[in-house]
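Read the structure below first, then the notes.
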Amino acid sequence: QKEVEQNSGPLSVPEGAIASLNCTYSDRGSQSFFWYRQYSGKSPELIMSIYSNGDKEDGRFTAQLNKASQYVSLLIRDSQPSDSATYLCAVTAALIPTFGRGTSLIVHP
Amino acid sequence: NAGVTQTPKFRILKIGQSMTLQCTQDMNHNYMYWYRQDPGMGLKLIYYSVGAGITDKGEVPNGYNVSRSTTEDFPLRLELAAPSQTSVYFCASSILLDYEQYFGPGTRLTVT
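Residue numbers (the working numbering), protein chains in the order written: chain A, 53 to 161; chain B, 2 to 113.
What follows is the structure in C-alpha cells.
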C-alpha cells in the first residue's frame with residue numbers, strides 16, 4: 053500500500069509570514085511529486101510540480117524534494133489570506149498517482 | 002477551452018439505484034482519471050484510462066465501472082448504489098500519465 057502522509061493541520065500563520073507544508077511518502081520508486089491547492093467546495097488546482105532533488109521556485113512558492121529522505125515540502129512566502137486553503141501532496145509511482153489527505157492552511161490578517 | 006466538465010453537479014440516489022457520472026475534456030488529453038473524495042480525506046483513485054478503449058483499476062474500483070469509447074469522454078457508472086458511495090467525485094485529465102492533472106468541478110453524490 054503506497055502511503056502519502058501529511059499533517060492535517062490546521063496550520064495557522066500570520067499574513068506576510070512563511071508557511072511550510074510537509075509531505076512524506078512510502079514508495080522509494082516514486083518519480084513525480086505535485087502540490088495542489090483546493091479551496092473549500094472546489095476542485096484541486098496545480099501549484100507546483102517537482103521531479104528531481106532540490107528546490108524549485110515559482111513566484112512565492114518553493115517546492116523542495118529530498119528522495120533519500122522521502123520527503124517533499126512546499127514553502128509559501130509572504131502568505132496572503134487568499135492562500136487559505138487545503139494543500140494536497142500527490143506522488144506518482146509506477147504511473148499511479150496517490151494523494152495525501154491534505155493540510156489545511158489558514159492565513160490570518 | 003472548457004477544460005474538464007462534469008455532470009451532474011449534485012445528485013441524490015436511493016440505495017440500489019444506478020447512475021452514470023459524465024466527464025468530458027476538450028484538451029485532447031489521452032489520460033483520464035476518476036477520483037472520489039470523502040470529507041477530510043485525500044483523493045482516492047477509482048479508475049484511470051490511458052486512451053480510448055483502455056481502462057484500468059485504481060485503488061478503490063469496487064462498485065464502479067468505466068468505459069472510454071472516445072478521447073473526450075470518460076463516464077463512470079455506479080451500479081446498485083450504496084451509502085458508502087456517498088462522496089464527491091472528481092474527473093481529471095492529463096497530457097502525460099506522469100504529469101499534472103486538470104480537474105473537473107466535481108459531482109456531489111448522496112446515497113440514502
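All C-beta atoms, glycine included, are put in the ideal place defined by N, C-alpha and C.
Report task. Answer yes if the segment 7 to 27 of chain B comes into contact with the segment 98 to 112 of chain A, meaning at least three C-beta pairs across the two stretches below 8 Å, and no otherwise. Result -> no
Query raised in the report: Considering only the beta carbon of each residue, do Q58/A and C75/A sit closer than 9 Å?
Result: yes
Report task. Assign Q116/A to one of two classes, buried (16 or more other C-beta atoms within 10 Å of its C-beta) or exposed (fewer than that). Result -> buried
**Report entry** P149/A at chain B interface by Cβ criterion, 9 Å
**Finding:** At least one chain B Cβ lies under 9 Å of P149/A.
Requested in this report: Kindly indicate the opening and closing residues of the beta strand (DSSP E) around G106/A.
Outcome: From DSSP, the beta strand (DSSP E) with G106/A extends over 106 to 110.
Query raised in the report: Buried or exposed: where does D135/A fall if 16 or more other Cβ atoms within 10 Å of its Cβ makes it buried?
Result: buried
Requested in this report: Please confirm if the segment 124 to 144 of chain A is in contact with the segment 68 to 77 of chain B, defined as three or more CB-CB distances below 8 Å between the two stretches.
Outcome: no
Query raised in the report: Within the 9 Å Cβ cut-off, does G52/B reach chain A?
Result: no
Requested in this report: For Q102/B, name the three-state secondary structure that DSSP assigns.
Outcome: coil
Query raised in the report: Just how far apart, CA to CA, sit Q26/B and G105/B?
Result: 9 Å
Query raised in the report: With DSSP run on the structure shown, which of helix, strand or coil describes D57/B?
Result: strand
Query raised in the report: In three-state terms, what does DSSP make of P84/B?
Result: For P84/B, the three-state secondary structure derived from DSSP is helix.
Requested in this report: Kindly say whether S101/A, judged by its beta-carbon, lies nearer than 9 Å to any beta-carbon of chain B.
Outcome: yes
Requested in this report: Output the residue ranges of the beta strand (DSSP E) runs that lie fully inside the segment 77 to 103 of chain A and measure 3 residues or longer, sorted by chain position.
Outcome: 84 to 90, 97 to 102
Query - Y32/B to V65/A span [Cα, whole Å] - result: 37 Å
Query raised in the report: What residues are listed by DSSP as bridge partners for V124/A?
Result: C75/A, L117/A
Query raised in the report: Is the CB of Y36/B under 9 Å away from at least one CB in chain A?
Result: yes
Query raised in the report: By the 10 Å Cβ neighbour count, where 16 or more other Cβ atoms means buried, how is A120/A classified, buried or exposed?
Result: exposed
Query raised in the report: Along chain A, in chain order, which residues have C-beta atoms closer than 7 Å to that of F91/B?
Result: S95
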